[in-house]
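Quick note on numbering: full-length UniProt numbering labels position 117 of the sequence shown as 117, and the sequence is numbered without any gaps.
The beta carbon of each residue, even a glycine, is placed where N, CA and C say it ideally should be.
On a predicted model such as this, the values are computed, not experimentally measured, just so you know.
In what follows, a single structure is set out as structure tokens and then discussed.
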Amino acid sequence: MCTQTALRSFKALWSSTKDITKLVKEGSKVSRKGHIPKREVMPDAKYNDRVVTKLINNVMLDGKKGVATKIVYDAFEIVGETSGNDPLEVFYQALENIMPTLEVKARRIGGANYQVPMEVRPERRQTLGLRWLVNFSRARGEKTMVERLSKEILDASNNAGASVKRKEEMHRAAEANKAFAHYRY
Numbered sequence: 001m002c003t004q005t006a007l008r009s010f011k012a013l014w015s016s017t018k019d020i021t022k023l024v025k026e027g028s029k030v031s032r033k034g035h036i037p038k039r040e041v042m043p044d045a046k047y048n049d050r051v052v053t054k055l056i057n058n059v060m061l062d063g064k065k066g067v068a069t070k071i072v073y074d075a076f077e078i079v080g081e082t083s084g085n086d087p088l089e090v091f092y093q094a095l096e097n098i099m100p101t102l103e104v105k106a107r108r109i110g111g112a113n114y115q116v117p118m119e120v121r122p123e124r125r126q127t128l129g130l131r132w133l134v135n136f137s138r139a140r141g142e143k144t145m146v147e148r149l150s151k152e153i154l155d156a157s158n159n160a161g162a163s164v165k166r167k168e169e170m171h172r173a174a175e176a177n178k179a180f181a182h183y184r185y
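Here it is, written out as structure tokens:
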């Protein structure tokens, strides 16, 4: 039984090796690093929303997802009570106000480093927005994380708060280095 399994795995390995050599002979490029597909994020239980799940994952520390979920849901309840609107709408408005459209990346050209303004991809925009929301929430002075997160969401939805300031800072840096935009890659 063991030899049959070994034989089967050898045949599978041999056939995949033949496929690769065939591709190489045909002239196509074969990547040695395998392409790892992005895992799809499952929607959360209460709001059935994938972005809320990403927020929960950002809030989570030491793998304690239950604690993070409770923090986010309680913060959303406070946001709903305070604003009088749907907390999900307020959250999306806050995220829209936080997400940057431009960023600067260091590029070395002729022995000098230039800060080259680049457009931010939509996925990275969302990731940066969520990261800033959580990080600046943690830096706030309120007593609990629930209060901090809810206040930061409310501030961001009103175009105020540290996370919105960070976005404006990033846009100012891109504007200041507009002269190097032709170095984009």
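| task | Reducing DSSP to helix, strand and coil, say where N97 ends up. | result | helix
| request: List in chain order: all unbroken alpha helix (DSSP H) runs of 4+ residues lying wholly within the region 43–109. | output: 50–59, 65–83 and 87–98
| query | V90 and S157: beta carbons closer than 8 Å? | reply | yes
| said: Please classify A181 as buried or exposed, where buried requires at least 16 neighbouring CB atoms within 10 angstroms. | reply: exposed
| request: Counting only the same chain and skipping the five closest in sequence on each side, list residues whose C-beta sits under 6 Å from that of M145. | output: I71
| field | Rounded straight-line distance, which links the Cα of R107 to that of R148 | value | 37 Å
| field | T53 versus K178 - alpha carbon distance | value | 36 Å
| task | Identify the continuous beta strand (DSSP E) that holds P117 and give its terminal residues. | result | A112 to E119
| field | Close Cβ partners of R125 (< 8 Å) along its chain, the five nearest in sequence each way excluded | value | M99, P100 and T101
| said: Could you compute how far the alpha carbon of M170 sits from the alpha carbon of T82? | reply: 30 Å
| With distances taken between CB atoms, is the gap from V59 to V134 smaller than 8 Å? | yes
| request: Helix, strand or coil for R124, going by three-state DSSP, please let me know. | output: helix
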